[in-house]
Amino acid sequence: MITDDAPKSYAFLLLPGFSTLGFSCALDCLSLANHHPSGRKFYRWRLLSADGLSVPAYNGVRIEADSGLTELERHETLIVCAGENAGRGSTKPVLNWLRRETRKGMDYGALSSGTYTLALAGLIGGKRVTTHWEYKTALAEMLPDVIMEDSLYTVDGRVFTSAGGAASMDLMLHRVRTDYGADIATWVADQMVYTAPRAQSQGQRLSLQSRPDVRNPKLLLAMQIMENNLEDPLRPEEIAGLIKLSTRQMERLFSRYLITSPKRYYLHLRLDKARNLLRQTDLSVTDVCVACGFKSLSHFSKSYRATYGIPPGSEASDGKVLWSDVDKT
(Lines of atoms letter the chains of each structure in order from A and count residues from 1; the text may use other names and numbers.)
(Lines give C-alpha, C1' and ligand atoms only; values in the text may rest on other atoms or scores of the structure.)
Protein backbone atom coordinates (compact mmCIF):
# COMPACT_ATOMS: atom_id res chain seq x y z
CA MET A 1 0.00 0.00 0.00
CA ILE A 2 1.30 3.47 -0.92
CA THR A 3 1.79 5.82 2.00
CA ASP A 4 2.69 9.49 2.30
CA ASP A 5 6.07 8.77 3.87
CA ALA A 6 9.21 10.44 2.56
CA PRO A 7 11.28 8.47 0.02
CA LYS A 8 13.19 5.60 1.56
CA SER A 9 16.95 6.18 1.44
CA TYR A 10 19.70 3.79 0.39
CA ALA A 11 23.49 4.07 0.56
CA PHE A 12 25.48 1.78 -1.73
CA LEU A 13 29.10 1.20 -0.70
CA LEU A 14 31.04 0.17 -3.81
CA LEU A 15 34.18 -1.88 -3.28
CA PRO A 16 36.78 -2.31 -6.04
CA GLY A 17 35.95 -5.27 -8.25
CA PHE A 18 32.22 -5.04 -7.54
CA SER A 19 29.75 -6.71 -9.89
CA THR A 20 28.14 -4.23 -12.28
CA LEU A 21 25.32 -6.70 -12.93
CA GLY A 22 24.44 -7.10 -9.26
CA PHE A 23 24.71 -3.37 -8.56
CA SER A 24 22.69 -2.34 -11.63
CA CYS A 25 19.93 -4.88 -10.93
CA ALA A 26 19.57 -3.54 -7.40
CA LEU A 27 19.72 0.15 -8.29
CA ASP A 28 17.36 -0.14 -11.25
CA CYS A 29 14.65 -1.62 -9.03
CA LEU A 30 14.71 1.59 -6.98
CA SER A 31 15.07 3.85 -10.00
CA LEU A 32 12.19 2.29 -11.91
CA ALA A 33 9.91 2.51 -8.88
CA ASN A 34 10.34 6.28 -9.09
CA HIS A 35 8.87 6.19 -12.61
CA HIS A 36 5.58 4.71 -11.41
CA PRO A 37 2.51 6.44 -12.97
CA SER A 38 1.51 7.69 -9.51
CA GLY A 39 4.29 10.27 -9.82
CA ARG A 40 5.50 9.32 -6.35
CA LYS A 41 9.20 9.32 -5.59
CA PHE A 42 9.59 6.14 -3.60
CA TYR A 43 13.37 6.01 -3.21
CA ARG A 44 16.53 8.07 -3.14
CA TRP A 45 20.10 6.88 -2.91
CA ARG A 46 23.76 7.83 -2.83
CA LEU A 47 26.91 6.00 -3.88
CA LEU A 48 29.87 5.76 -1.53
CA SER A 49 33.46 4.62 -1.90
CA ALA A 50 36.37 4.32 0.49
CA ASP A 51 38.06 7.48 -0.85
CA GLY A 52 35.13 9.31 -2.42
CA LEU A 53 36.51 8.72 -5.92
CA SER A 54 35.31 6.51 -8.76
CA VAL A 55 35.38 2.76 -8.20
CA PRO A 56 36.43 0.17 -10.82
CA ALA A 57 34.12 -2.79 -11.27
CA TYR A 58 35.47 -6.24 -12.07
CA ASN A 59 34.98 -5.57 -15.80
CA GLY A 60 36.89 -2.27 -15.77
CA VAL A 61 33.85 0.03 -15.81
CA ARG A 62 34.25 2.86 -13.29
CA ILE A 63 31.35 4.31 -11.28
CA GLU A 64 31.66 7.77 -9.78
CA ALA A 65 30.93 7.95 -6.06
CA ASP A 66 28.94 10.75 -4.48
CA SER A 67 31.14 10.80 -1.39
CA GLY A 68 33.54 8.87 0.77
CA LEU A 69 32.81 7.12 4.06
CA THR A 70 30.45 9.77 5.28
CA GLU A 71 28.09 9.58 8.24
CA LEU A 72 24.78 7.89 7.51
CA GLU A 73 21.33 8.56 8.89
CA ARG A 74 19.62 5.90 10.97
CA HIS A 75 16.77 5.66 8.46
CA GLU A 76 19.10 4.85 5.56
CA THR A 77 19.59 1.31 4.31
CA LEU A 78 23.21 0.35 3.67
CA ILE A 79 24.25 -2.12 0.95
CA VAL A 80 27.83 -3.33 0.44
CA CYS A 81 28.48 -4.12 -3.24
CA ALA A 82 31.46 -6.35 -3.98
CA GLY A 83 32.65 -8.96 -6.43
CA GLU A 84 36.19 -10.05 -7.15
CA ASN A 85 38.82 -9.64 -4.42
CA ALA A 86 36.35 -8.48 -1.77
CA GLY A 87 39.05 -8.89 0.87
CA ARG A 88 41.29 -6.35 -0.84
CA GLY A 89 38.66 -3.64 -0.52
CA SER A 90 37.80 -4.61 3.06
CA THR A 91 40.38 -2.34 4.62
CA LYS A 92 40.53 -1.30 8.25
CA PRO A 93 38.88 2.11 7.57
CA VAL A 94 36.05 0.43 5.66
CA LEU A 95 35.45 -2.20 8.34
CA ASN A 96 35.57 0.32 11.17
CA TRP A 97 33.13 2.56 9.30
CA LEU A 98 30.74 -0.36 8.77
CA ARG A 99 30.83 -1.25 12.47
CA ARG A 100 30.21 2.34 13.51
CA GLU A 101 27.39 3.09 11.11
CA THR A 102 25.46 -0.16 11.58
CA ARG A 103 25.35 0.44 15.35
CA LYS A 104 22.73 3.10 14.58
CA GLY A 105 20.18 0.35 14.05
CA MET A 106 19.69 0.67 10.29
CA ASP A 107 18.92 -2.18 7.91
CA TYR A 108 22.08 -3.31 6.15
CA GLY A 109 23.08 -5.97 3.69
CA ALA A 110 25.35 -7.08 0.89
CA LEU A 111 25.37 -8.14 -2.72
CA SER A 112 27.55 -11.04 -3.86
CA SER A 113 30.85 -11.24 -1.93
CA GLY A 114 29.91 -8.14 0.07
CA THR A 115 28.74 -10.75 2.59
CA TYR A 116 32.42 -11.56 3.03
CA THR A 117 33.09 -7.94 3.97
CA LEU A 118 30.25 -7.93 6.50
CA ALA A 119 31.76 -11.10 7.97
CA LEU A 120 35.18 -9.46 8.28
CA ALA A 121 33.51 -6.59 10.13
CA GLY A 122 31.88 -9.06 12.53
CA LEU A 123 28.36 -8.03 11.53
CA ILE A 124 26.73 -11.34 10.58
CA GLY A 125 27.67 -13.71 13.41
CA GLY A 126 24.81 -16.13 14.10
CA LYS A 127 22.82 -14.81 11.14
CA ARG A 128 21.34 -16.68 8.21
CA VAL A 129 23.16 -15.35 5.16
CA THR A 130 23.93 -16.13 1.58
CA THR A 131 26.66 -15.09 -0.81
CA HIS A 132 27.83 -15.96 -4.29
CA TRP A 133 28.40 -19.71 -4.37
CA GLU A 134 32.13 -19.25 -5.00
CA TYR A 135 32.50 -17.64 -1.54
CA LYS A 136 30.22 -19.97 0.38
CA THR A 137 32.91 -22.52 1.25
CA ALA A 138 35.30 -19.87 2.60
CA LEU A 139 32.67 -18.32 4.85
CA ALA A 140 31.53 -21.69 6.13
CA GLU A 141 35.10 -22.70 6.99
CA MET A 142 36.04 -19.43 8.70
CA LEU A 143 32.76 -18.59 10.44
CA PRO A 144 31.07 -21.71 11.81
CA ASP A 145 28.54 -19.57 13.69
CA VAL A 146 27.24 -18.07 10.44
CA ILE A 147 24.38 -20.05 8.91
CA MET A 148 25.17 -20.29 5.21
CA GLU A 149 22.24 -20.88 2.89
CA ASP A 150 22.38 -21.89 -0.76
CA SER A 151 19.69 -19.42 -1.74
CA LEU A 152 19.28 -16.39 -3.98
CA TYR A 153 18.93 -14.08 -1.00
CA THR A 154 18.21 -14.20 2.71
CA VAL A 155 16.65 -11.83 5.20
CA ASP A 156 17.40 -12.27 8.90
CA GLY A 157 16.07 -9.39 10.97
CA ARG A 158 17.62 -6.17 9.74
CA VAL A 159 20.36 -8.05 7.83
CA PHE A 160 19.84 -9.08 4.21
CA THR A 161 22.28 -10.70 1.80
CA SER A 162 22.17 -11.71 -1.84
CA ALA A 163 24.13 -14.00 -4.14
CA GLY A 164 24.60 -11.02 -6.45
CA GLY A 165 24.13 -10.96 -10.20
CA ALA A 166 20.49 -11.27 -11.22
CA ALA A 167 19.65 -12.39 -7.66
CA SER A 168 20.06 -8.73 -6.62
CA MET A 169 16.92 -8.04 -8.62
CA ASP A 170 14.98 -10.69 -6.70
CA LEU A 171 16.17 -9.27 -3.38
CA MET A 172 15.28 -5.69 -4.22
CA LEU A 173 11.87 -6.61 -5.64
CA HIS A 174 11.25 -8.33 -2.31
CA ARG A 175 12.19 -5.11 -0.51
CA VAL A 176 9.99 -2.99 -2.79
CA ARG A 177 7.09 -5.35 -2.11
CA THR A 178 7.73 -5.12 1.64
CA ASP A 179 7.99 -1.31 1.47
CA TYR A 180 5.06 -0.47 -0.80
CA GLY A 181 3.09 -3.60 -1.59
CA ALA A 182 2.79 -6.19 -4.34
CA ASP A 183 1.28 -3.82 -6.93
CA ILE A 184 4.31 -1.53 -6.99
CA ALA A 185 6.75 -4.47 -6.99
CA THR A 186 4.87 -6.11 -9.86
CA TRP A 187 4.90 -2.87 -11.84
CA VAL A 188 8.67 -2.59 -11.39
CA ALA A 189 9.16 -6.24 -12.40
CA ASP A 190 7.09 -5.63 -15.54
CA GLN A 191 9.23 -2.62 -16.43
CA MET A 192 12.31 -4.83 -16.14
CA VAL A 193 10.58 -7.46 -18.30
CA TYR A 194 11.14 -9.81 -15.38
CA THR A 195 7.96 -11.83 -15.57
CA ALA A 196 8.75 -14.42 -12.91
CA PRO A 197 10.65 -13.07 -9.86
CA ARG A 198 12.18 -15.95 -7.93
CA ALA A 199 11.62 -16.91 -4.32
CA GLN A 200 14.52 -16.40 -1.93
CA SER A 201 14.71 -20.14 -1.23
CA GLN A 202 15.58 -21.00 -4.83
CA GLY A 203 19.09 -22.38 -5.29
CA GLN A 204 21.82 -20.35 -6.99
CA ARG A 205 22.94 -22.92 -9.54
CA LEU A 206 21.23 -25.41 -11.77
CA SER A 207 20.66 -28.59 -9.83
CA LEU A 208 22.45 -31.67 -11.06
CA GLN A 209 19.09 -32.94 -12.29
CA SER A 210 18.78 -29.89 -14.57
CA ARG A 211 22.12 -30.36 -16.28
CA PRO A 212 21.60 -31.27 -19.94
CA ASP A 213 24.62 -33.60 -19.91
CA VAL A 214 23.39 -35.65 -16.97
CA ARG A 215 20.29 -37.79 -17.19
CA ASN A 216 21.14 -41.08 -15.52
CA PRO A 217 19.76 -41.24 -11.94
CA LYS A 218 22.59 -43.43 -10.65
CA LEU A 219 25.20 -41.05 -12.08
CA LEU A 220 23.39 -38.13 -10.44
CA LEU A 221 23.45 -39.94 -7.11
CA ALA A 222 27.16 -40.72 -7.42
CA MET A 223 27.93 -37.05 -8.18
CA GLN A 224 25.87 -35.89 -5.19
CA ILE A 225 27.62 -38.37 -2.89
CA MET A 226 30.98 -37.00 -4.02
CA GLU A 227 29.93 -33.38 -3.43
CA ASN A 228 28.77 -34.28 0.08
CA ASN A 229 32.02 -36.03 0.99
CA LEU A 230 34.91 -33.78 0.01
CA GLU A 231 36.72 -33.65 3.37
CA ASP A 232 36.62 -37.42 3.85
CA PRO A 233 36.55 -38.85 0.32
CA LEU A 234 35.01 -42.26 -0.23
CA ARG A 235 36.72 -44.97 -2.21
CA PRO A 236 35.33 -45.66 -5.72
CA GLU A 237 34.05 -49.07 -4.64
CA GLU A 238 32.23 -47.49 -1.69
CA ILE A 239 30.45 -44.99 -3.96
CA ALA A 240 29.62 -47.74 -6.45
CA GLY A 241 28.18 -49.83 -3.63
CA LEU A 242 26.00 -46.95 -2.44
CA ILE A 243 24.47 -46.54 -5.91
CA LYS A 244 24.21 -50.33 -6.30
CA LEU A 245 26.55 -50.69 -9.26
CA SER A 246 29.90 -52.32 -9.77
CA THR A 247 32.94 -50.07 -9.94
CA ARG A 248 33.29 -50.86 -13.62
CA GLN A 249 29.66 -49.96 -14.33
CA MET A 250 30.08 -46.65 -12.54
CA GLU A 251 33.22 -45.89 -14.55
CA ARG A 252 31.30 -46.48 -17.78
CA LEU A 253 28.58 -44.02 -16.68
CA PHE A 254 31.12 -41.26 -16.00
CA SER A 255 32.88 -41.94 -19.29
CA ARG A 256 29.66 -41.89 -21.29
CA TYR A 257 28.03 -38.79 -19.82
CA LEU A 258 30.94 -36.70 -18.48
CA ILE A 259 33.85 -37.96 -20.59
CA THR A 260 35.97 -38.49 -17.51
CA SER A 261 36.55 -41.06 -14.81
CA PRO A 262 34.98 -41.05 -11.32
CA LYS A 263 38.43 -40.58 -9.82
CA ARG A 264 39.23 -37.51 -11.93
CA TYR A 265 35.79 -35.98 -11.40
CA TYR A 266 36.10 -36.43 -7.63
CA LEU A 267 39.61 -34.95 -7.65
CA HIS A 268 38.37 -31.90 -9.58
CA LEU A 269 35.65 -31.26 -6.98
CA ARG A 270 38.20 -31.38 -4.16
CA LEU A 271 40.69 -29.17 -5.98
CA ASP A 272 37.97 -26.65 -6.80
CA LYS A 273 37.10 -26.43 -3.10
CA ALA A 274 40.80 -26.06 -2.28
CA ARG A 275 41.20 -23.21 -4.77
CA ASN A 276 38.30 -21.29 -3.26
CA LEU A 277 39.67 -21.74 0.25
CA LEU A 278 43.17 -20.64 -0.74
CA ARG A 279 41.88 -17.54 -2.50
CA GLN A 280 39.35 -16.47 0.09
CA THR A 281 40.67 -17.47 3.53
CA ASP A 282 43.86 -17.37 5.54
CA LEU A 283 43.94 -21.15 6.02
CA SER A 284 47.41 -22.57 5.51
CA VAL A 285 48.14 -24.85 2.58
CA THR A 286 48.33 -27.73 5.05
CA ASP A 287 44.93 -26.90 6.53
CA VAL A 288 43.40 -26.67 3.06
CA CYS A 289 45.03 -29.96 2.14
CA VAL A 290 43.30 -31.64 5.09
CA ALA A 291 39.98 -29.83 4.55
CA CYS A 292 39.83 -31.18 1.01
CA GLY A 293 40.61 -34.77 1.88
CA PHE A 294 44.23 -35.07 0.75
CA LYS A 295 46.33 -37.40 2.90
CA SER A 296 49.63 -36.12 1.56
CA LEU A 297 50.77 -32.51 1.14
CA SER A 298 53.03 -33.52 -1.73
CA HIS A 299 50.14 -35.22 -3.55
CA PHE A 300 47.96 -32.16 -3.01
CA SER A 301 50.64 -29.79 -4.31
CA LYS A 302 51.40 -31.96 -7.33
CA SER A 303 47.71 -32.31 -8.23
CA TYR A 304 47.09 -28.60 -7.76
CA ARG A 305 50.01 -27.56 -9.96
CA ALA A 306 49.01 -30.04 -12.65
CA THR A 307 45.46 -28.64 -12.73
CA TYR A 308 45.99 -24.90 -12.28
CA GLY A 309 49.59 -24.40 -13.37
CA ILE A 310 50.81 -22.91 -10.08
CA PRO A 311 51.61 -24.35 -6.65
CA PRO A 312 48.95 -23.88 -3.96
CA GLY A 313 51.29 -21.68 -1.94
CA SER A 314 51.35 -19.08 -4.74
CA GLU A 315 47.58 -19.05 -4.92
CA ALA A 316 47.31 -18.48 -1.18
CA SER A 317 49.35 -15.29 -1.27
CA ASP A 318 47.99 -13.85 -4.52
CA GLY A 319 46.76 -10.37 -3.67
CA LYS A 320 44.24 -11.00 -0.94
CA VAL A 321 43.66 -9.56 2.50
CA LEU A 322 43.85 -12.33 5.08
CA TRP A 323 41.14 -12.61 7.70
CA SER A 324 43.70 -12.58 10.50
CA ASP A 325 45.41 -9.50 9.06
CA VAL A 326 42.38 -7.30 8.57
CA ASP A 327 42.99 -5.15 11.63
CA LYS A 328 46.50 -4.46 10.37
CA THR A 329 45.35 -3.25 6.95
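Taking our numbering, the leading residue of the sequence shown gets -5, the next gets one more, and so forth. In this text, a Cβ means the ideal position worked out from N, Cα and C, and glycines have one as well. Just so it is clear, the structure is predicted and the values come from calculations on it, not from any experiment.
Assignment of S156 by DSSP, reduced to helix, strand and coil, places it in the strand class. Contact check for K121 against D150 passes: the beta carbons are separated by less than 8 Å.
Between W91 and L63, the alpha-carbon positions lie close to 7 Å from each other.
In this chain, the beta strand (DSSP E) harbouring L105 covers 102 to 105. Shown here, L7 sits in a strand according to DSSP, grouped into three states. Straight-line measurement puts the Cα of T131 at about 28 Å from the Cα of G235.
Here DSSP, grouped into helix, strand and coil, assigns R68 to coil. In this structure R250 does not touch L224 by the C-beta definition: roughly 24 Å separates them, more than the 8 Å allowed. Annotation for D150: no alpha helix (DSSP H) segment contains it, though the beta strand (DSSP E) segment containing it runs 147 to 150. The beta carbon of L291 lies closer than 8 Å to those of V279, T280, C283 in the same chain, with the five residues before and after it left out. Between A51 and F12, the C-beta gap is smaller than 8 Å, which places the two residues in contact. Under the three-state reduction of DSSP, Y302 is assigned to helix.
DSSP, read as helix, strand or coil, puts A76 in coil. DSSP, reduced to helix, strand and coil, places Y259 within a helical segment of the structure shown. A residue is called buried once 16 or more other Cβ atoms fall within 10 Å of its Cβ, and A161 is buried on that count.
Between the segment 60 to 75 and the segment 95 to 104 there are three or more C-beta pairs closer than 8 Å, enough to call the two in contact. For Y52, there is no enclosing beta strand (DSSP E), since its DSSP letter is neither H nor E.
Annotated three-state conformation of K2 is strand, per DSSP. Measuring C-alpha to C-alpha distances from K289 to each of P306, P227, P31 identifies P227 as the nearest. Distances from the CA of Y110 to each of M100, A134, K98, T96 were compared; the closest alpha carbon is that of A134. Under DSSP, M142 shares a beta bridge with V123. Just measuring C-alpha positions, the residue of V153, D(-1), G116, E128 sitting nearest G99 is V153. Annotated as proximal: A59 and S43, with beta-carbon spacing under 8 Å.
If one requires a minimum length of 4 residues, the alpha helix (DSSP H) runs lying completely within the segment 228 to 291 are 230 to 236, 241 to 252, 256 to 274, 279 to 285, in chain order.
C23 places its beta carbon less than 8 Å from that of M163.
Separation of I118 and K35 (C-alpha to C-alpha, rounded to the nearest whole angstrom) is 32 Å. Annotation: the continuous beta strand (DSSP E) that includes Y37 extends over 37 to 42.
Distance from the Cα of G159 is smallest, within the candidate group P1, L26, E70, W127, for W127.
Put simply, the backbone Cα of K296 is about 20 Å away from that of T254.
In the three-state reduction of the DSSP assignment, S61 falls in the strand class. For T155, the closest C-alpha among the options T125, D177, S308 is that of T125. Excluding residues up to 5 positions away in sequence, K212, L215, A216 lie with their Cβ nearer than 6 Å to the Cβ of I237 in the same chain. With distances taken between CA atoms, L89 lies nearest to L112 out of L112, E232, K2.
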